[in-house]
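J.: Residue numbers (the UniProt record's numbering): 1 to 169.
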């Protein structure tokens with residue numbers, strides 16, 4: 001399966017898809033936000049590829065998760081950093097893998113705490129499909145169907161690569 005996931009090809013798909021969506025929507029100066037950690041690595045790469053001059057933002061959604069009381073606080077939580085005003089902006093929200101949609105819901109809640117954007121374009125490197133919430137990416141590098149005992153993770157930042165993992169179940 002790793003042969004299906006050439007990182008350059010995935011990044012090319014993501015970049016081309018974002019360029020199409022931006023053009024279709026008439027968005028000229030988007031603000032880019034990556035969800036820690038994989039989304040931040042991707043935001044760094046895509047910011048350069050898209051030629052964006054403004055620094056990208058970083059979200060740590062730990063406090064916004066709906067399972068926070070169940071899973072507790074990750075000891076590596078860092079504050080989010082948005083070096084721009086989100087009010088009225090067209091935002092590109094980047095995450096490495098989308099599955100249930102819960103991470104994206106938490107990220108949007110946090111973004112709205114900073115201000116109300118004009119729009120949010122969601123881009124994910126990998127879409128695993130198993131939604132629990134009605135949240136769909138606008139742009140995806142690749143859609144995958146995994147077995148219940150399989151996981152996929154973006155590793156990086158240098159070099160960025162996809163890692164498949166087997167769980168005990």
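Glycine is no exception: its CB is placed at the ideal position from the N, C-alpha and C atoms.
(1) Go ahead and pull the three-state DSSP assignment for residue 89.
(2) Which residue wins for smallest C-alpha separation from residue 22, given the options 87, 6 and 93?
(3) For the UniProt domain "Phosphoribosyltransferase" (7-141), list the alpha helix (DSSP H) runs that are entirely contained and at least 4 residues long, ordered along the chain.
(4) Straight-line CA distance for residue 144 to residue 168?
(5) Do the stretch 98-116 and the stretch 4-12 meet, that is, are 3 or more Cβ pairs less than 8 Å apart?
(6) Round the Cβ separation of residue 118 and residue 18 to the nearest angstrom and send it over; I've been treating them as touching at under 8 Å.
(7) List the DSSP bridge partners of residue 154.
(8) With DSSP as the reference, label residue 148 as helix, strand or coil.
(9) Let me know if residue 115 comes out buried or exposed under the rule of 16 or more other beta-carbons within 10 Å of its beta-carbon.
(10) Does residue 20 pass the burial test, meaning 16 or more other C-beta atoms within 10 Å, or should it be called exposed?
(11) Measuring CA to CA, which of 43, 90 and 98 is closest to residue 132?
(12) Note down the Cα distance separating residue 95 from residue 38, rounded to an integer number of angstroms.
(13) With a 10 Å radius around its C-beta and 16 neighbouring C-beta atoms as the bar for buried, classify residue 71 as buried or exposed.
T.: Let me lay it out:
(1) coil
(2) 93
(3) 7-25, 38-49, 68-71 and 102-114
(4) 20 Å
(5) no
(6) Not quite, the Cβ-Cβ distance comes to about 17 Å (not below 8 Å), so this is no contact.
(7) 162
(8) coil
(9) exposed
(10) exposed
(11) 98
(12) 6 Å
(13) Note that residue 71 has pLDDT 49, beneath the 50 cutoff, so the model's placement of it is unreliable and the number below is only indicative. So residue 71 ends up on the exposed side.
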